[in-house]
Amino acid sequence: MTPQQFQHNSRSLRKTFFLIFSSLLIVVISLFFLFIFLYQQQLNSYFLTSINDSTILLDKSISLYRQQLEQEFESVSAAVLRAHRKAAVKLQKGKQLDLVLITELKESVEAEFGSSVEINLIDEEGKIFRSTYPSEVGVDLSQFPDACESLSDVRLHGCVRLDLPVFEPSSRFFRAYTLSHIKELGCFLQLAVKLTEYNNFFAILQEIKESSATIVAIDLFVVEQNHQGKSYIASFTQSGEKITESEKKVVLDSVKKSGMTIDFPQDKGDVRDYYRVVKSTLNSSGWYHNLEYNLVYRFRLDMSAWHGFVRSSILFAGIFILFICGGMVTGWGYLQRHLAVPLGKMAEKIQGSVLIPDADIHESVSELAIISHTYNQHILKITQSTEELHEKNVQLQASLDEIRTLSGLLPMCANCHKIRDDQGYWTRVENYMSEHLDVNFTHGICPECVKELYPNVHAKRMARKNDVS
Numbered sequence: 000m001t002p003q004q005f006q007h008n009s010r011s012l013r014k015t016f017f018l019i020f021s022s023l024l025i026v027v028i029s030l031f032f033l034f035i036f037l038y039q040q041q042l043n044s045y046f047l048t049s050i051n052d053s054t055i056l057l058d059k060s061i062s063l064y065r066q067q068l069e070q071e072f073e074s075v076s077a078a079v080l081r082a083h084r085k086a087a088v089k090l091q092k093g094k095q096l097d098l099v100l101i102t103e104l105k106e107s108v109e110a111e112f113g114s115s116v117e118i119n120l121i122d123e124e125g126k127i128f129r130s131t132y133p134s135e136v137g138v139d140l141s142q143f144p145d146a147c148e149s150l151s152d153v154r155l156h157g158c159v160r161l162d163l164p165v166f167e168p169s170s171r172f173f174r175a176y177t178l179s180h181i182k183e184l185g186c187f188l189q190l191a192v193k194l195t196e197y198n199n200f201f202a203i204l205q206e207i208k209e210s211s212a213t214i215v216a217i218d219l220f221v222v223e224q225n226h227q228g229k230s231y232i233a234s235f236t237q238s239g240e241k242i243t244e245s246e247k248k249v250v251l252d253s254v255k256k257s258g259m260t261i262d263f264p265q266d267k268g269d270v271r272d273y274y275r276v277v278k279s280t281l282n283s284s285g286w287y288h289n290l291e292y293n294l295v296y297r298f299r300l301d302m303s304a305w306h307g308f309v310r311s312s313i314l315f316a317g318i319f320i321l322f323i324c325g326g327m328v329t330g331w332g333y334l335q336r337h338l339a340v341p342l343g344k345m346a347e348k349i350q351g352s353v354l355i356p357d358a359d360i361h362e363s364v365s366e367l368a369i370i371s372h373t374y375n376q377h378i379l380k381i382t383q384s385t386e387e388l389h390e391k392n393v394q395l396q397a398s399l400d401e402i403r404t405l406s407g408l409l410p411m412c413a414n415c416h417k418i419r420d421d422q423g424y425w426t427r428v429e430n431y432m433s434e435h436l437d438v439n440f441t442h443g444i445c446p447e448c449v450k451e452l453y454p455n456v457h458a459k460r461m462a463r464k465n466d467v468s
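Under numbering that gives the first Met the number 0, the sequence shown has 456 at position 457, and the numbering climbs by one with no breaks.
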């Protein structure tokens with residue numbers, strides 16, 4: 000492996016390391032958000048189940064109390080109209096329309112009717128200029144389309160008008176309003192008679208609210224049609240606050256959707272509103288004959304615990320991710336210092352077939368030290384074997400050179416068979432071969448030479464062989 004190849008492999012290892020870490024990080028983050036999503040779904044399911052159960056209970060209670068309100072309204076409607084006409088006559092006989100006069104009227108009407116009554120005097124422009132309820136003085140009714148329409152209708156027909164009961168959040172009571180126009184005085188007379196049957200309704204709302212740890216308030220909005228076919232909203236808020244125009248818009252939008260609407264009030268902090276719409280019909284032979292209306296329940300839930308859980312989870316996940324990143328940086332530094340760098344140095348030494356100094360791996364892992372030691376031992380053995388092989392090669396080369404000197408034609412005597420060497424001297428064959436080859440000669444005599452040189456000896460050997468045979 001060349002250094003360039005090692006650097007390429009090191010970069011590949013780095014990419015693989017980062018790929019594994021990124022995949023692990025993505026899996027952890029995905030599992031975290033999946034857990035948050037599933038937990039929120041479970042929480043929403045719990046909320047919706049609680050809301051549905053509360054809606055069923057409220058429907059039964061409201062149906063009962065609404066029938067009681069209708070009965071109460073029908074029973075007192077004639078008395079309310081009669082009391083209104085008497086009050087109008089007394090006003091016409093009065094000398095001036097001051098607070099003393101209308102206070103006397105209030106007391107007389109309450110004595111006759113047996114219930115709390117408020118009296119308002121409204122000028123031709125629609126502004127309340129006298130009232131037994133101090134906070135109503137100065138209210139300009141001309142800014143309310145329904146009120147303007149009612150004033151114009153009464154002025155045109157000159158009748159005493161009795162409207163459907165209206166809930167007043169400030170007093171937390173229903174009131175039946177009567178209205179007439181007194182031409183002689185140039186003003187309108189309005190009586191507001193308190194009805195009592197709906198007072199117990201708030202006790203039911205409070206009981207249901209206290210049964211849930213997350214429900215802050217349960218509010219009711221009744222959306223129905225008035226005599227002119229205009230939609231109006233009667234609100235029942237546990238806090239007693241008047242609903243804003245934006246809240247009315249959400250209520251009407253919920254009625255259009257005819258289902259569940261979720262709203263996040265911007266000025267309420269960790270609050271979520273669930274609007275539940277229920278279509279209802281009140282069948283009666285009286286004032287509310289077959290009246291169709293929509294009940295809109297607003298369940299205001301405190302989400303501070305849930306949001307705190309989410310914030311804590313995100314903080315924990317952030318710390319965990321930072322811990323993983325720190326571990327990655329530390330681990331990569333450790334691998335670089337204790338593995339990649341020593342391996343690079345080892346690769347360079349191995350490429351040069353030299354021993355690896357201990358200084359190159361003094362910070363590496365123990366396995367690299369074992370590999371380095373084994374490699375050094377192997378290199379030493381290879382060096383020793385190479386030296387021995389070199390000596391043998393020298394010897395073989397010398398022998399080869401000698402063998403090559405005997406190759407070709409050798410001048411030899413035809414009679415004595417001596418060989419002429421390079422210096423021109425004639426030497427015996429055995430001497431010449433001993434000098435040029437690593438051989439030694441021993442001398443004997445072959446049978447042919449014995450027969451030629453020693454005929455007697457040869458004859459005796461032959462006779463001996465014949466006797467034996």
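A virtual CB, placed ideally from N, CA and C, is assigned to each residue, including glycine. Treat the numbers as computed from the prediction; the structure is a model and nothing was measured.
Identify whether residue i lies in helix, strand or coil by the three-state DSSP scheme.
i: ASN43; result: helix
i: ALA146; result: helix
i: HIS389; result: helix
i: CYS324; result: helix
i: ASP301; result: strand
i: ASP272; result: strand
i: VAL250; result: helix
i: THR48; result: helix
i: LYS182; result: coil
i: MET0; result: Unreliable positioning characterises MET0 in this predicted model, as indicated by a pLDDT of 48, which lies under 50. The coordinate reading is nonetheless provided below. MET0: coil per DSSP, three-state reduction.
i: MET243; result: For clarity, residue 243 is Thr in the given sequence; the question names Met instead. Looking at THR243 - three-state DSSP - the assignment turns out to be coil, as it is neither helix nor strand.
i: VAL221; result: strand
i: VAL309; result: helix
i: VAL215; result: strand
i: LEU18; result: helix
i: VAL277; result: strand
i: LEU159; result: Checking the displayed sequence, the identity of residue 159 turns out to be Val instead of Leu. Residue state, collapsed to three classes: coil.
i: VAL192; result: strand
i: VAL138; result: coil
i: ASN293; result: strand
i: TYR333; result: helix
i: ILE261; result: strand
i: ALA175; result: strand
i: PHE36; result: helix
i: PHE187; result: strand
Measuring alpha carbon to alpha carbon, tell me which of the options ends up nearest residue i.
i: LEU178; options: LYS193, LYS278, ARG160 and LEU194; result: ARG160
i: ASN293; options: GLY332, SER253, LEU321 and ARG299; result: SER253
i: ILE217; options: GLN142, ARG299, HIS442 and LYS255; result: ARG299
i: PHE36; options: ILE313, THR382 and ILE127; result: ILE313
i: ALA82; options: GLN70, PHE32, VAL116 and TYR38; result: VAL116
i: LEU100; options: THR131, GLY113 and LYS126; result: THR131
i: LEU80; options: CYS158, PRO410, LEU184 and THR48; result: CYS158
i: LYS14; options: LEU33, TRP331 and PRO454; result: TRP331
i: ALA304; options: LEU30, GLN39 and ASP466; result: GLN39
i: ASP269; options: GLU246, SER245, THR243 and MET302; result: MET302
i: PHE187; options: THR426, ARG129, LEU194 and PRO133; result: ARG129
i: LEU56; options: GLU73, GLU447, LYS255 and TYR296; result: TYR296
i: LEU474; options: ALA110, LEU120 and SER107; result: What the structure shows of the chain is the stretch from 0 to 468, and residue 474 is not part of that stretch, so it cannot be assessed.
i: VAL221; options: VAL153, SER44, ASP58 and MET461; result: ASP58
i: GLU183; options: LYS193, ARG154 and ILE378; result: ARG154
i: SER134; options: ILE118, SER149 and ASP145; result: ILE118
i: VAL192; options: LEU219, GLU106 and VAL250; result: GLU106
i: GLU123; options: ALA110, THR102, TYR453 and ALA146; result: ALA146
i: SER74; options: GLY113, THR441, THR48 and THR102; result: GLY113
i: PRO446; options: LEU436, HIS180, ARG460 and ASP437; result: ARG460
Cβ of residue i within 7 Å of any heavy atom in the ligand ZN?
i: LEU98; result: Among the components of this structure there are no ligands whatsoever, and the ligand ZN is therefore not found.
Within its chain, find whatever has a CB closer than 7 Å to the CB of residue i; leave out the 5 residues flanking it on each side and keep chain order.
i: VAL456; result: VAL449
i: HIS416; result: VAL428
i: LEU42; result: TRP305
Keeping to the same chain, check which residues put their C-beta closer than 8 Å to that of residue i; ignore five residues upstream and five downstream.
i: ILE261; result: ARG271, ASP272, TYR273 and TYR274
Using C-beta distances below 6 Å, list every residue in its chain close to residue i, excluding the 5 sequence neighbours before and after it, in chain order.
i: LYS126; result: ASP139
i: ALA316; result: PHE31
i: SER284; result: Reliability fails at SER284, whose pLDDT of 45 lies under 50, so the model's placement of it is uncertain and the value that follows must be treated cautiously. Same-chain partners within the cutoff: there are none.
### Message
Ignoring anything shorter than 4 residues, give me the alpha helix (DSSP H) runs that lie fully in the stretch 50–135, in order along the chain.
### Response
98–112
### contact_flag[the stretch 86–99, the stretch 324–331] where n(CB pairs < 8 Å) is 3 or more
no
### Query
Quick one: complete alpha helix (DSSP H) runs, 4+ long, within the stretch 379–467?
428–435, 446–452 and 454–467
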